[in-house]
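The next block holds one structure in the form of structure tokens; read it before the comments.
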Amino acid sequence: MCKHVIPAWTELINANRELVKLKKGEQLIQENTPVNGVYFVQEGSIKVFKKWGDSKESIVRFANKGSVVGHRGFSSTQSIFPISATAQENSELCFVPIDFFRTVLKGNPDFTYEMLMFYADELQVSEQKADNQVRLSVKGRLAWSILQLEDQMGVGADGFVAITISKTDLASYVGSTYETIYRMMLELEKEQVIQTANKRIKIVNRVRLMEYSLC
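1 is the number of the first residue of the sequence shown in the UniProt record's numbering; add one for each residue after it.
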């Protein structure tokens, strides 16, 4: 937000925003609660998910530095969060109250355009993910998800995708069971397509992984 607003707005934004610090596992947003504002991730990563059943999760996306969280509750008809969000690791976020956020959008066309592009990109990924559930095998969905995580989260200096993710969360993100994902991960490792260490993933054979992501 601070990058794309008119410079004259910077001081006003600083006066209306709030720094939020979360420890790993702390909840940021509760599904089906009123929208009070949006959050911009400054450090760390956030897991965005929907609950179903008694305790099962369906992970929608992961948000890292520079990403927005809470925008899914932004609507002209109702203001209820359709998702929940927790800290995937120790994180810092910038909170902006919803009324002030609307004001910023109205007064800053460049920022509004960037938000529109963010929405469009996220919608494309969501639609592709939904299509994958019908079209791809579990291994194909897993391969696509690993590639997507690398694209979203980036790669560390050691070559591993810059997110720590358990197989339980990976299964929730892919839309499968822990047991199936565990087996598929072992197969990909034996084929030397990926490497894992301490709940992190490294792509070793990108061409092969991309081939799997198409079938």
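Heads up, the beta-carbon is just placed ideally off N, CA and C, and yes, glycines get one too.
Computed from a predicted structure; not experimentally measured.
Counted within 10 angstroms of its Cβ, other Cβ atoms place residue i as buried (16 or more) or exposed
i	result
Tyr47	Here residue 47 is Lys; the residue named in the question, Tyr, does not match the sequence. Buried, because 16 or more other Cβ atoms sit within 10 Å of the Cβ of Lys47.
Gln148	buried
Ile146	buried
residue 283	Residue 283 is absent from the model: the chain starts at 1 and stops at 215.
Ala85	buried
Val155	exposed
Ile80	exposed
Ser75	exposed
Trp52	exposed
Arg102	exposed
Asn132	buried
Glu150	buried
Glu6	It is Ile, not Glu, that sits at residue 6 in the sequence shown. So Ile6 counts as exposed.
Leu142	buried
Ser45	buried
Option nearest residue i by Cα separation, candidates the options
i	options	result
Leu22	Tyr113, Phe40, Ser145, Val5	Phe40
Gln27	Arg200, Ala87, Ala143	Ala87
Val134	Gly44, Lys24, Glu191, Leu214	Leu214
Gln42	Ser166, Ser67, Ile83	Ser67
Gly70	Phe49, Ser176, Glu57	Phe49
Ile83	Gln195, Glu31, Asp121	Glu31
Gln78	Ala120, Asn90, Pro34, Arg102	Pro34
Lys24	Leu188, Ile165, Ile6	Ile165
Lys56	Met153, Ser176, Val38	Ser176
Glu191	Val204, Lys199, Arg200, Asn198	Val204
Collapsed DSSP secondary structure at residue i in the structure displayed
i	result
Gly37	strand
Lys190	helix
Glu31	coil
Ala157	coil
Val5	coil
Asn132	helix
Phe81	coil
Ala162	coil
Asn198	coil
Limits of the beta strand (DSSP E) - the one that residue i falls within
i	result
Val85	A small fix is needed here, since residue 85 is Ala in this sequence, not Val. Here the beta strand (DSSP E) through Ala85 covers 84-87.
Leu22	18-22
Asn64	56-64
Ser45	45-52
Extent of the continuous alpha helix (DSSP H) run through residue i
i	result
Pro97	Segment 91-97 is the beta strand (DSSP E) holding Pro97; no alpha helix (DSSP H) there.
Glu26	Element bounds for Glu26: n/a, residue is neither H nor E.
Lys167	167-174
Val207	206-212
| query | Touch check for the stretch 192-208 and the stretch 110-127: three-plus C-beta pairs under 8 angstroms? | reply | no
| Looking at C-beta atoms only, is the number of pairs between the stretch 89-98 and the stretch 18-33 that lie closer than 8 angstroms three or more? | yes
| field | At least 3 beta-carbon pairs within less than 8 angstroms: the stretch 128-142 vs the stretch 171-180 | value | The answer is yes - the stretch 171-180 touches the stretch 128-142, with three or more Cβ pairs under 8 angstroms.
| message | Contact between the stretch 54-68 and the stretch 105-114 is defined here as three or more beta-carbon pairs at a separation below 8 angstroms; is this criterion met? | response | When Cβ pairs closer than 8 angstroms are counted between the two stretches, the stretch 54-68 is seen not to touch the stretch 105-114, the count staying below three.
| field | Given 8 angstroms, three or more beta-carbon pairs between the stretch 167-175 and the stretch 108-121 | value | Contact annotation: the stretch 167-175 does not touch the stretch 108-121, with fewer than three C-beta pairs closer than 8 angstroms.
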